Amino acid sequence: KPENLESVIQIAIETILHTNGSDVKIERHGVKPDFLIPFDRIRIEQVLINFLSNAIKYSPNNNQIIVTTFSDEKEVRISVTDFGIGIPAFKQEYVFHKFYRVEESSLQFQGMGIGLYICSEIIKQHHGTIGVSSEVGEGSTFYFTLPLN
Ligand code: ATP
Ligand code: MG
Numbered sequence: 340k341p342e343n344l345e346s347v348i349q350i351a352i353e354t355i356l357h358t359n360g361s362d363v364k365i366e367r368h369g370v371k372p373d374f375l376i377p378f379d380r381i382r383i384e385q386v387l388i389n390f391l392s393n394a395i396k397y398s399p400n401n402n403q404i405i406v407t408t409f410s411d412e413k414e415v416r417i418s419v420t421d422f423g424i425g426i427p428a429f430k431q432e433y434v435f436h437k438f439y440r441v442e443e444s445s446l447q448f449q450g451m452g453i454g455l456y457i458c459s460e461i462i463k464q465h466h467g468t469i470g471v472s473s474e475v476g477e478g479s480t481f482y483f484t485l486p487l488n
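Sequential numbering of the sequence shown, starting at 340, is according to the UniProt record's numbering.
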C-alpha cells in the first residue's frame, strides 16, 4: 500500500523524543521523502525506532543524532548517525546476525542482540538494502534503502 515515508520518519522521531525526554537532540539533513511509495508502515517505523534507540544506547557521552534522507530515481535512503562508541571494522558485518553483540559494548549495555536482525529481515522483505559504517570512538551511521517502484 502506498505510504508517506516522511510521516513515518516524523512519527519515529517523535516517539523517541517522547521516551527519552529533552536529553536527546535529533537533527534532520537532506531532502525529506515527502512522497508515496509502497511499504509496510509498522515495520519501517520499527526499523527506524531500532536504529534511533541503538544510537542513543550506544552513545553514553553524546546526545546528538542526525537523520539523513536522500533519494534518486532508483531508491530512497535513510540513515541514522550517532557520535557514540562505534563498532570495530571487522565486527560490523556481524551486527545484523541474530543474537550477535559486540563484546565490548555488551559488558556495558543491556540488550538481546536481536534488534538489527529484525531490521535486516524487514528490509529484505522490502527488497531494500541495509548497512553500517562506523569508526571506534567516533560514531556509527546505520542506513537502509527502499527501492522506488
Ligand atoms: P536489542 O535486541 O535490545 O536491540 P542490542 O542493541 O544488543 O539488543 P542490536 O540492536 O541487534 O542488539 O545490535 C547488535 C549489536 O550491535 C549491539 O549489541 C552493539 O554491540 C552493536 N550496535 C548496534 N547499534 C550500535 C550503535 N549505534 N553504536 C555502536 N554499536 C552498536
Ligand atoms: Mg538494539
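For glycine and all other residues, C-beta sits at the position ideal for the given N, C-alpha and C.
Keep in mind the model is a prediction, meaning the values are calculated, not measured.
Straight-line Cα distance separating residue j from residue i
i    : j    : result
Y367 : H436 : For clarity, residue 367 is Arg in the given sequence; the question names Tyr instead. Answer to the nearest angstrom: the Cα atoms are 29 Å apart.
C458 : I383 : 8 Å
I410 : I404 : Going by the sequence as given, residue 410 is Ser instead of Ile. Straight-line Cα distance between these residues: approximately 20 Å.
K371 : V347 : 11 Å
S418 : E460 : 17 Å
Where residue i falls, given that 16 or more other Cβ within 10 Å makes a residue buried
i    : result
A428 : exposed
T420 : buried
N400 : exposed
L387 : buried
N389 : buried
G467 : buried
Continuous beta strand (DSSP E) stretch holding residue i: start and end
i    : result
Y482 : 478 to 486
K364 : 364 to 369
Residue-chain proximity (residue i, chain B), Cβ-Cβ < 9 Å
i    : result
R367 : The displayed structure is made up of one protein chain only, and chain B is not part of it.
| Listed in chain order, which residues are found with a beta carbon closer than 7 Å to a heavy atom of ligand 2? | Counting only heavy atoms of ligand 2, the residues whose C-beta sits closer than 7 Å to one of them are, along the chain, N389, S392, N393, K396, G450, G454, L455.
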